[in-house]
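Colleague: First the structure, which I've put down as structure tokens, then a few questions once you've had a look.
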Amino acid sequence: MSASTLDAPATPETAPRSKDWRASIALGVIALISLVVFGFGSASGADTTFVVARSTDFFEVPGFTLPSQLAAILLSVVGLALAGYTAFQANQFRKVGIWVPVVYGIAIMGALLTWAGAGRDATSIQLTGLLTSSLFLAVPLVFGSLAGTLCERSGIINIAIEGQLLAGAFLAALVGSAVGNAYAGLIAAPIAGALVGLLLAIFATKYWVNQIVVGVVLNVLVVGLTSFFFSTVMSDNPDLNRPLGLASLPIPGLSGIPVIGPVLFNQNLLVYILYVVVIVLQIMLFRSRWGLRVRAVGEHPKAADTVGIKVNRTRVRNTVLGGAVAGLGGAFFTVASGLAFGKEMTAGKGYIALAAMILGRWSPKGALAAALLFGFADALRVQLGIIGSSIPSQFLAMTPYLATIFAVAGLVGHSRPPAAEGIPYKK
Amino acid sequence: MSDQTTATEAPQQERPGRASTVLREILSSSTLVVVMAVVASLLIGGVLIVLVDEGVQEAAGYFFSRPGDTFTAIFDELGAAYSAMFTGAVLNLDADTFAQTIRPFTQTLTMATPLIFAGLGLGIGFRAGMFNIGAQGQLLIGATVGAYIGFTWDLPWGLHLLVAILGCLVGGAFWGFIPGILKARTGAHEVIVTIMLNYVALNLVAWLLTFDAFQREGSNNPISPIVAETAQYPKILGSQFNLHLGFLFALACAFGVWWLMERSTLGFELRAVGANANAARTAGMNVTRATVLVMVIAGALAGLAGSAQVLGTEKVLTTATAGSLGFDAITVALLGRSRPLGTVLAAILFGGLRASGPTLQVQAGLPVDIVFVIQALIVLFIAAPPLVRSMFRLPAPAIEKEVAA
Amino acid sequence: MKLELREITKRFGDFTANDAISIVVESGTVHALLGENGAGKSTLMNVLFGLYDPDGGEILLDDQPVEFTGPGDAMAAGIGMVHQHFMLVHPFTVAENVMLGHEDVVGPAKLLDLEAARARVREISHRFGFNVDPDAVVEDLSVGAQQRVEIIKALSRDAEVLILDEPTAVLTPQETDELLSIVKDLRDSGTAVVLITHKLREVKAVADTITVIRRGKVVGTAEPTASQEELASLMVGRDVSMTVDKGPADPGEAMLVVEDLTVVDDATQVTQLDRVSFDVRGGEILAIAGVQGNGQTELAEAILGVVPTAAGTVRLDGETVTGRSIRQALDAGIGFVPEDRTTDGIVAEFTNANNLILDLYDRAPFSKAGAISPSVVRENAQKQVERFDVRTTGIDALTGSLSGGNQQKVVLARELTRELKLLIASQPTRGLDVGSIEFVHKRIIEERDKGVACIIISSELDEVYALADRIAVMYHGRIVGIVPPDTDRDTLGLMMAGAHEEEAA
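As structure tokens, then:
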């Protein structure tokens with residue numbers, strides 16, 4: 001028998017893709033705004049001082065001072081050039097590498113910082129501090145968006161990240177305080193998150209309740225429960241809600257590297273766990289048997305079923321695992337930050353994590369990048385507040401949300417969620 | 001499986017006539033499920049109350065020597081809690097005057113008012129296939145516009161209120177328009193966009209409240225001046241009750257929404273688009289217009305919920321004006337199965353839970369948060385009728401209706 | 001391996017989909033399971049494959065009773081299935097799809113051994129001459145190639161019994177012939193093949209044994225030498241005339257004139273309809289033949305205005321309708337029976353009464369000044385249900401609860417409520433039983449005889465022959481030729497594969 005010659009492809013093998021200008025336009029517009037506002041808006045003749053190392057650091061790295069206007073203009077021009085490069089590539093039907101948005105982001109942020117710090121002789125931009133707090137503030141977001149990724153890759157929409165974070169924060173504080181050891185809290189946190197995840201999984205797979213409904217309601221439930229216990233058990237017994245903290249564990253050698261060392265390798269255990277979880281999930285989700293099956297369940301559950309993969313079992317497991325990961329992230333708010341539990345202390349971080357998951361296109365790697373970006377925005381808000389910048393802090397607080405709206409509206413690239421997401425699997 | 005659906009005239013239900021439809025909806029077993037869900041939630045709430053009660057814990061300490069004490073403590077605590085709920089939300093039987101006796105229920109209706117408005121809007125969205133999580137933001141933006149008109153402009157009595165209400169409506173509608181147009185034009189999922197817009201709205205209002213134009217004179221706190229009396233909803237039962245005209249307006253809106261969805265061509269279109277957008281498009285309906293319109297109407301109603309707050313109950317604008325109303329309204333719409341009558345009843349139930357909060361705190365020493373637990377449990381149970389049926393061993397109906405939305 | 005199903009019974013509620021069905025499939029044979037849509041063939045195979053629990057009966061492999069709790073068990077026992085709707089994960093590669101569920105892994109983390117999977121795909125692909133690239137992403141493959149991936153998937157699990165569920169529904173006649181030849185190769189290599197189909201020609205071409213199923217019961221077995229008429233009457237339960245009674249057409253003026261109509265997909269920039277020109281006269285049926293996915297859907301949707309046209313014009317009764325809204329096209333007198341009635345034709349959650357006014361709701365007499373008048377809606381529904389013999393419990397029953405044939409009648413009744421100039425019906429009888437098919441065909445011919453211009457889009461050649469006054473064949477977004485209705489099957493087949501009329505004939 002001959003090889004098929006009368007193959008009639010419905011879509012030709014090399015389907016020409018449309019020229020997608022949206023990304024380059026978005027990048028260009030922002031770079032232009034940066035040029036006008038940060039570049040020409042900086043007082044000419046003013047300088048901006050950056051401080052790189054802190055006095056406690058092992059290596060002394062000198063800070064540096066830049067002429068504000070020139071630096072901001074140059075950085076904005078770099079941004080414009082990258083927008084142009086993106087446009088050029090789009091014209092050739094090519095996608096740009098990941099380095100483009102990264103370098104672009106650094107350039108525009110640099111321009112912003114230069115502008116914000118211009119002419120403020122009394123204060124300077126604390127680079128290392130800024131990066132450290134970016135990572136710190138990103139921790140719950142990374143865990144949360146990993147949780148979302150785990151659930152959604154298997155086809156369950158997890159709006160309950162907020163509740164899972166809060167439950168984790170609560171139980172970490174409770175158990176940590178009761179045992180008198182913060183690490184005990186770190187063990188308890190994932191259990192709380194997993195329980196919330198289990199509820200979500202049961203309602204989604206057994207009762208086929210709309211997953212968005214369950215998620216929203218679970219958030220209300222967890223807020224109610226934790227606040228209730230906070231106002232009763234915890235306020236009656238202050239010993240059950242003590243501010244604990246995880247010690248920083250500098251990694252010998254690595255923590256001495258300038259800038260990177262103190263930012264990455266002088267952190268507490270939770271942050272190191274974070275590194276491991278991101279790397280492990282990235283590999284497992286895309287290169288392992290488990291990951292292949294999970295993604296198949298999220299894309300085409302019936303196909304997975306017909307090759308003997310238990311769809312709902314996979315979904316329940318993933319949702320519980322996701323809940324546990326988010327719960328662990330919840331420990332950040334209490335035991336890892338040295339704070340006692342407070343009512344609704346996650347304050348919407350779960351929803352930002354959801355946003356990070358979408359911006360990160362349902363991959364651990366992307367979730368990390370998006371969460372770091374949001375963490376940076378948050379850290380910047382604090383930093384600019386300290387140096388007394390004229391940017392209203394509310395606008396910086398808005399950036400993650402606005403970025404997400406732009407992302408889902410397709411203005412910055414296209415994101416495709418798992419195809420079977422949110423649809424109960426019924427035989 | 002096409003095989004069996006095409007071969008069979010699927011199991012057919014007796015379908016009663018139109019006149020008895022309403023009756024059927026009330027008497028059908030799903031109503032029983034609603035009642036049972038409420039009962040189960042109150043019971044679980046009771047368990048929590050008992051668990052944290054010190055009297056019970058103490059008595060349980062010597063449970064095996066005197067078990068009766070434990071049960072007495074449990075009954076005391078539960079009795080205190082449930083009677084506090086009743087006193088706070090329905091009737092105060094210990095009161096001296098009639099006005100004081102019925103005051104709790106009027107308070108319940110007051111609390112229910114914004115929930116009715118927002119719940120109606122969300123219900124329309126659910127029936128039209130739009131999952132609007134953004135009532136919170138729409139309410140806040142509506143409240144901001146209305147409150148600004150209320151405390152800044154100087155207009156004659158009647159007109160001022162009308163314009164302020166209109167401001168709330170337009171503000172909410174605008175905030176609903178954004179996710180609507182994004183969904184229609186770019187396919188951006190409304191759940192994500194509305195969640196994000198809630199936070200954008202919150203930050204926006206926080207920012208506005210830093211300006212003199214929005215701040216109370218002589219204050220640096222993020223709180224607006226009090227809305228002028230000409231722009232407040234009049235109290236309908238006299239000044240000793242908080243119940244205001246907004247409640248009647250909400251009932252009128254409920255009727256309006258019923259007419260819109262059940263009797264108008266526009267409602268037909270919205271329902272068709274929600275149930276099957278492709279078929280609606282093929283039948284010549286304008287899906288884009290319907291999508292945007294649904295969100296605009298839902299936003300407008302959420303904005304009116306804002307009016308109940310800033311022009312009725314609270315009379316000022318703060319970042320806390322929306323409270324958790326937007327999310328509570330979702331539970332209201334779900335409990336009410338997205339139908340106007342159901343929404344009104346559900347809003348009154350949840351309004352009652354909220355109204356009982358202060359009494360719970362004072363009389364039973366319980367934090368108001370228990371109310372949110374009960375509320376969430378009710379909706380969870382409602383969403384999963386098989387769960388409630390198995391808890392109470394109720395017979396399953398022939399065909400299980402899926403949860404609204 | 002010998003497969004035996006003994007007294008298999010499967011019920012859904014009150015409905016018995018399989019009623020004590022017994023069949024025996026010997027290794028090295030092709031066993032055809034013949035039956036109409038809805039006869040219960042797929043249910044039986046889903047029971048065999050472990051997707052459904054049977055309510056009675058047993059499955060024997062080599063005379064040993066087996067019990068399958070899921071497809072995994074069935075596959076482990078050597079049963080493979082190529083589903084009618086392919087069970088392929090679209091964003092995955094061929095190798096990933098083939099390995100899914102029985103992956104080669106390395107190390108304690110069970111990382112995927114993609115190289116092994118690729119090798120396996122290449123080996124099977126080579127053995128049967130499939131020419132499938134293991135690293136191709138499935139969503140980029142043609143339907144025929146996807147089907148070959150499904151076969152590789154089954155063979156890579158060493159399937160000794162291979163079930164093919166309506167495998168030719170989406171193939172060209174030539175692709176069908178190739179598939180049948182693959183089936184013969186498989187049989188000769190010792191595989192037991194179960195072929196589920198309602199197409200008599202295919203059965204006669206490859207089957208060694210034929211079991212006919214009607215309404216969930218085995219109604220008989222037949223030899224492949226039986227005539228098509230015999231098989232058909234066995235399948236339907238009464239004598240079937242293979243043709244529809246149809247008088248000669250009396251075409252009038254050109255009602256629809258389509259010139260250079262071009263449609264380009266927005267997202268992919270693929271040209272789906274390429275300078276298509278033709279006309280249809282009033283009182284004439286133009287059947288559009290072709291393998292699904294060659295632009296027929298886009299053609300119908302472009303005429304109605306569902307998809308925007310990139311170039312060209314459509315004129316109806318002298319007036320240009322291109323660039324108008326769907327609503328305006330409907331108002332101009334176009335009736336539209338969509339290809340997929342459940343997605344585009346009806347709102348399943350609506351009552352029959354409401355579905356019957358889905359595109360009439362805001363016209364008199366159904367509504368006045370924005371308000372719908374329920375009594376008129378109900379009267380109309382009552383009338384249409386009677387006129388079209390819709391089998392339903394009433395006008396308030398949800399249309400989603402009706403059988404496919406009755407849903408189609410609802411759609412047809414609604415579209416024929418208006419005065420039409422043009423009727424476009426895509427796959428008007430897909431999934432319908434023979435009785436409904438006859439009814440729908442009769443109605444369409446009635447419309448033709450009233451002077452309406454009719455376009456019938458069908459991938460079933462039998463239907464094309466039954467209705468057409470002229471046949472247009474589409475391939476790759478173009479019309480390769482318009483031929484008279486007595487053109488033979490082989491010629492049409494070649495044209496459906498892209499050959500021009502002259503080459504094909």
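Chains as they are written, first to last, in the working numbering: chain P, 1 to 427; chain X, 1 to 405; chain A, 1 to 505. Don't be surprised by glycine CBs; every beta carbon is placed ideally from N, CA and C.
1) Could you name the residues of the region 343 to 355 of chain A whose beta carbon sits closer than 8 Å to any beta carbon of chain X, in the order they occur along the chain?
2) Quick one: residues in its chain with C-beta nearer than 7 Å to the C-beta of glutamine 146 of chain A, no 5 flanking neighbours on either side, listed in chain order?
3) Since glutamate 501 of chain A contacts methionine 495 of chain A with CB under 8 Å, what's their CB separation in whole angstroms?
4) Check whether the region 384 to 394 of chain A and the region 363 to 373 of chain A touch, using three or more Cβ-Cβ pairs below 8 Å as the test.
5) Any beta carbon from chain X within less than 7 Å of proline 428 of chain A's own beta carbon?
6) Restricting to runs no shorter than 4 residues, where is the alpha helix (DSSP H) found entirely within the region 84 to 151 of chain X?
7) According to DSSP, simplified to helix, strand and coil, what is threonine 14 of chain P?
8) What residue ranges within the region 247 to 316 of chain X form continuous beta strand (DSSP E) runs of no fewer than 3 residues, ordered along the chain?
9) Assign tyrosine 351 of chain P to one of two classes, buried (16 or more other C-beta atoms within 10 Å of its C-beta) or exposed (fewer than that).
10) Going by DSSP, which residues form a beta bridge with asparagine 203 of chain X?
11) Using a C-beta to C-beta distance shorter than 7 Å, which residues of chain A count as neighbours of glutamate 452 of chain P?
12) Whose CA, out of X/Ala302, X/Thr144 and X/Ala283, lies closest to the CA of proline 225 of chain X?
13) With DSSP as the reference, label glutamate 349 of chain A as helix, strand or coil.
14) In three-state DSSP terms, what is threonine 210 of chain X?
15) Taking Cβ-Cβ distances shorter than 7 Å, what residues in chain P pair up with glutamate 103 of chain A?
16) Could you tell me the distance, in whole angstroms, from the CA atom of isoleucine 223 of chain X to the CA atom of lysine 110 of chain A?
17) Assign alanine 329 of chain X to buried or exposed, taking buried as 16 or more other Cβ atoms, counted over all protein chains shown, within 10 Å of its Cβ.
18) Which residues, in chain order, does the region 225 to 248 of chain P contribute to contact with chain X at a C-beta distance below 9 Å?
19) So, with DSSP's three-state summary, where would you put proline 67 of chain P?
20) State yes or no: is the beta carbon of alanine 347 of chain P nearer than 7 Å to at least one beta carbon in chain X?
21) Does the structure place the region 317 to 332 of chain P close enough to the region 146 to 164 of chain P that three or more beta carbon pairs sit under 8 Å?
22) Which residue comes first and which comes last in the alpha helix (DSSP H) that contains glycine 247 of chain A?
23) Could you check what DSSP says for serine 239 of chain X in three-state terms: helix, strand or coil?
24) By the criterion of Cβ-Cβ separation under 7 Å, what are the contact partners of glycine 284 of chain X in chain A?
25) Applying a beta-carbon distance threshold of less than 8 Å, which residues of chain P neighbour alanine 376 of chain X?
26) Could you please tell me which residues of the region 159 to 190 of chain X, in chain order, have their CB closer than 7 Å to any CB of chain A?
27) Taking Cβ to Cβ, would you say leucine 416 of chain A is nearer than 7 Å to alanine 381 of chain A?
28) Could you tell me which of P/Leu285, P/Ala173, P/Ser389 and P/Pro301 sits nearest to aspartate 239 of chain P, measuring between CA atoms?
29) Can you give the Cα-Cα distance for aspartate 63 of chain A and valine 24 of chain A, rounded to whole angstroms?
30) Should valine 307 of chain P be flagged as near chain A, meaning a C-beta pair shorter than 7 Å?
31) Between which two residues does the alpha helix (DSSP H) carrying valine 143 of chain A extend?
32) For chain B, check one thing: does any of its Cβ atoms lie closer than 7 Å to the Cβ of serine 233 of chain A?
33) Using a Cβ-Cβ distance cut-off of 7 Å, determine whether serine 459 of chain A contacts chain X.
34) Who are the near neighbours of phenylalanine 366 of chain A in its chain, counting only those whose CB is closer than 8 Å to its CB and skipping five residues on each side?
35) Please name the residue in P/Ile30, P/Ser389, P/Arg361 and P/Thr399 whose C-alpha comes closest to that of proline 417 of chain P.
36) Quick check: the region 39 to 51 of chain P against the region 67 to 74 of chain P, are at least 3 beta-carbon pairs closer than 8 Å?
Modeller: With the given structure in hand:
1) Going along the region 343 to 355 of chain A in chain order, one finds Thr343, Asp344, Gly345, Ile346, Val347, Ala348, Glu349, Phe350 and Asn354 with a Cβ nearer than 8 Å to chain X.
2) Mapped onto the third sequence, residue 146 of chain A falls at position 146. Short of 7 Å from the beta carbon of glutamine 146 of chain A, and not among the five residues preceding or following it, lie these beta carbons of its own chain, in chain order: Phe86, Leu88 and Val138.
3) The residue labelled residue 501 of chain A in the question sits at position 501 within the third sequence. The residue labelled residue 495 of chain A in the question sits at position 495 within the third sequence. Indeed they touch by this definition, with Cβ atoms about 6 Å apart.
4) They do not touch, by the three-pair rule.
5) As a position in the third sequence, residue 428 of chain A is number 428, starting the count at 1. The C-beta of proline 428 of chain A comes no closer than 7 Å to any C-beta of chain X.
6) Along the region 84 to 151 of chain X, the alpha helix (DSSP H) occurs as fully enclosed runs of 4 or more residues at 98 to 127, listed in sequence order.
7) As a first step, residue 14 of chain P must be located in the first sequence, where it is residue number 14. Note on threonine 14 of chain P: pLDDT 35, under 50, position unreliable in the model; no value is reported.
8) Taking 3 residues as the shortest admissible run, the region 247 to 316 of chain X contains no complete beta strand (DSSP E) segment at all.
9) Mapped onto the first sequence, residue 351 of chain P falls at position 351. Flag for tyrosine 351 of chain P reads buried.
10) Taking the first residue of the second sequence as position 1, residue 203 of chain X is located at position 203. Answer is none; asparagine 203 of chain X lacks a bridge partner.
11) Since the first residue of chain P shown is 1 and the last is 427, residue 452 of chain P is not available in this structure.
12) Residue mapping note: residue 225 of chain X aligns to position 225 of the second sequence, counting from 1. It is X/Thr144.
13) Here residue 349 of chain A corresponds to residue number 349 of the third sequence, with the count starting at 1. Glutamate 349 of chain A carries a coil assignment under DSSP once its states are collapsed to helix, strand and coil.
14) Here residue 210 of chain X refers to the residue found at position 210 when the second sequence is read from its first residue. The answer is coil: DSSP assigns threonine 210 of chain X none of H, G, I, E or B.
15) Along the third sequence, read from residue 1 onward, the residue named residue 103 of chain A stands at position 103. Those within 7 Å of glutamate 103 of chain A in chain P are Arg289 and Leu292.
16) Within the second sequence, numbered from 1, the residue matching residue 223 of chain X stands at position 223. Within the third sequence, numbered from 1, the residue matching residue 110 of chain A stands at position 110. The alpha-carbon separation between isoleucine 223 of chain X and lysine 110 of chain A amounts to approximately 59 Å.
17) If you number the second sequence from 1, residue 329 of chain X lands on position 329. With 16 or more other Cβ atoms within 10 Å, it is buried.
18) Answer in chain order: Leu225, Thr226, Ser227, Phe228, Phe229, Phe230, Ser231, Thr232, Val233, Ser235 and Asp236.
19) In the first sequence, counting from the first residue as 1, residue 67 of chain P sits at position 67. DSSP, read as helix, strand or coil, puts proline 67 of chain P in strand.
20) By one-based count along the first sequence, residue 347 of chain P stands at place 347. Taking Cβ atoms only, chain X never reaches closer than 7 Å to alanine 347 of chain P, which makes this a no.
21) Contact between the region 146 to 164 of chain P and the region 317 to 332 of chain P is present, with at least three C-beta pairs closer than 8 Å.
22) By one-based count along the third sequence, residue 247 of chain A stands at place 247. First-last for glycine 247 of chain A: undefined, no H or E at that position.
23) Looking up residue 239 of chain X in the second sequence gives position 239. It is coil, neither helix nor strand.
24) On the second sequence, position 284 is the one that residue 284 of chain X refers to. Contact note: glycine 284 of chain X reaches chain A through Ile326, Arg327, Leu330 and Asp359, using a C-beta cutoff of 7 Å and chain order.
25) What you label residue 376 of chain X is simply residue 376 of the second sequence in a count that begins at 1. When 8 Å is used as the limit between beta carbons, alanine 376 of chain X is near these residues of chain P: Val217, Leu218, Val220, Leu221 and Gly224, in chain order.
26) Answer in chain order: no residues at all.
27) Here residue 416 of chain A corresponds to residue number 416 of the third sequence, with the count starting at 1. Here residue 381 of chain A corresponds to residue number 381 of the third sequence, with the count starting at 1. When the beta-carbon positions are compared, leucine 416 of chain A and alanine 381 of chain A stay at least 7 Å from each other.
28) For this step, residue 239 of chain P is matched to residue 239 along the first sequence. For aspartate 239 of chain P, the closest alpha carbon among the candidates P/Leu285, P/Ala173, P/Ser389 and P/Pro301 is that of P/Ala173.
29) Numbered from its first residue, the third sequence carries residue 63 of chain A at position 63. Numbered from its first residue, the third sequence carries residue 24 of chain A at position 24. Each residue's alpha carbon lies about 10 Å from the other.
30) For the purposes of this step, residue 307 of chain P is taken as the residue at position 307 of the first sequence. For valine 307 of chain P, the answer is yes, since a Cβ of chain A falls inside 7 Å of its Cβ.
31) The sequence position of residue 143 of chain A within the third sequence is 143, counting from 1. Unbroken alpha helix (DSSP H) run through valine 143 of chain A: 143 to 156.
32) The chain labelled as chain B is not found among the protein chains of the depicted structure, namely P, X and A.
33) The residue you call residue 459 of chain A lines up with position 459 of the third sequence. Serine 459 of chain A does not count as touching chain X.
34) Within the third sequence, the letter at position 366 stands for residue 366 of chain A. Closer than 8 Å at the Cβ level, and outside the excluded window around phenylalanine 366 of chain A, lie Ile357, Leu360, Ile372, Ser373, Val376, Val377 and Asn380.
35) On the first sequence, position 417 is the one that residue 417 of chain P refers to. When only C-alpha atoms are compared, the closest one is P/Arg361.
36) Yes, the region 67 to 74 of chain P touches the region 39 to 51 of chain P.
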